[in-house]
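Peer 1: Attaching a single structure in structure tokens format; questions to follow.
In our numbering, the protein residues as written are 13 to 133.
Shown next as structure tokens:
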């Protein structure tokens, strides 16, 4: 992961215009704000074939687990299981990493877009 951040949908275009690395694919979940994000990417001139829609099932749960692995609870929070806690800050960036890994895993396994094809049906 070269860059990871939580960006409000309204600031997506501004944030992506500052990306310093070439982008081969834009991975978008099939549910939350996907239409809004696809429209913003289209307005930026991103070709439709570069936008990959991936199934979001359980991605929030897995993103939360990634968050706690990267930022373990401190203080009194250490005493509670992380499964009973909500992270103290947005963790959508960890969910995005989960979606990107799903896309790459399906792509590398020879299934083409794999889970992306399931999400669009």
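From the three backbone atoms N, C-alpha and C, an ideal C-beta is built for every residue, glycine too. Computed from a predicted model, the values in this text were never measured in an experiment.
Is the Cβ of residue 104 closer than 7 angstroms to any Cβ of chain C?
Peer 2: The displayed structure is made up of one protein chain only, and chain C is not part of it.
Peer 1: For residue 68, is the classification buried or exposed, using 16 other Cβ atoms within 10 angstroms of its Cβ as the cut-off for buried?
Peer 2: Sequence index remark: in the chain shown, residue 68 carries index 56 (1-based). Buried, because 16 or more other Cβ atoms sit within 10 Å of the Cβ of residue 68.
Peer 1: Less than 7 angstroms between the C-beta atoms of residue 49 and residue 104, yes or no?
Peer 2: As a working note, residue 49 is residue 37 in the chain shown. As a working note, residue 104 is residue 92 in the chain shown. No. Outside cutoff.
Peer 1: In whole angstroms, what is the alpha-carbon distance linking residue 87 and residue 16?
Peer 2: Along the chain shown, read from residue 1 onward, the residue named residue 87 stands at position 75. Along the chain shown, read from residue 1 onward, the residue named residue 16 stands at position 4. Roughly 26 angstroms separates the two Cα atoms.
Peer 1: Just to confirm my understanding: we take residue 94, look at its own chain, exclude 5 residues before and 5 after, and list those with CB closer than 6 angstroms. What are they?
Peer 2: Locating residue 94 in the chain shown gives position 82, where the first residue counts as 1. So the qualifying residues of the chain are 80.
Peer 1: In terms of residue numbering, what span does the beta strand (DSSP E) encompassing residue 41 cover?
Peer 2: One-based indexing of the chain shown puts residue 41 at position 29. Taken as a continuous stretch (DSSP letters only), the beta strand (DSSP E) holding residue 41 covers 38 to 41.
Peer 1: Thinking just about the alpha-carbon of each residue, which of 107, 30, 40 is nearest to the one in residue 63?
Peer 2: The count along the chain shown starts at 1 and reaches residue 63 at position 51. With distances taken between Cα atoms, residue 63 lies closest to 40.
Peer 1: Suppose contacts are defined by Cβ-Cβ distances below 7 angstroms. Is residue 75 in contact with residue 98 by that definition?
Peer 2: On the chain shown, position 63 is the one that residue 75 refers to. On the chain shown, position 86 is the one that residue 98 refers to. No, the pair does not count as a contact, with Cβ atoms beyond the cut-off.
Peer 1: Whole-angstrom Cβ separation of residue 55 and residue 25, contact assumed at under 8 angstroms?
Peer 2: Within the chain shown, residue 55 is the residue found at index 43, counting from 1. Within the chain shown, residue 25 is the residue found at index 13, counting from 1. Confirmed, Cβ separation roughly 7 angstroms.
Peer 1: Can you check which of these residues, 121, 33, 122, 114, is closest to residue 42 by C-alpha distance?
Peer 2: Within the chain shown, residue 42 is the residue found at index 30, counting from 1. Ranking the options by Cα distance to residue 42, first place goes to 114.
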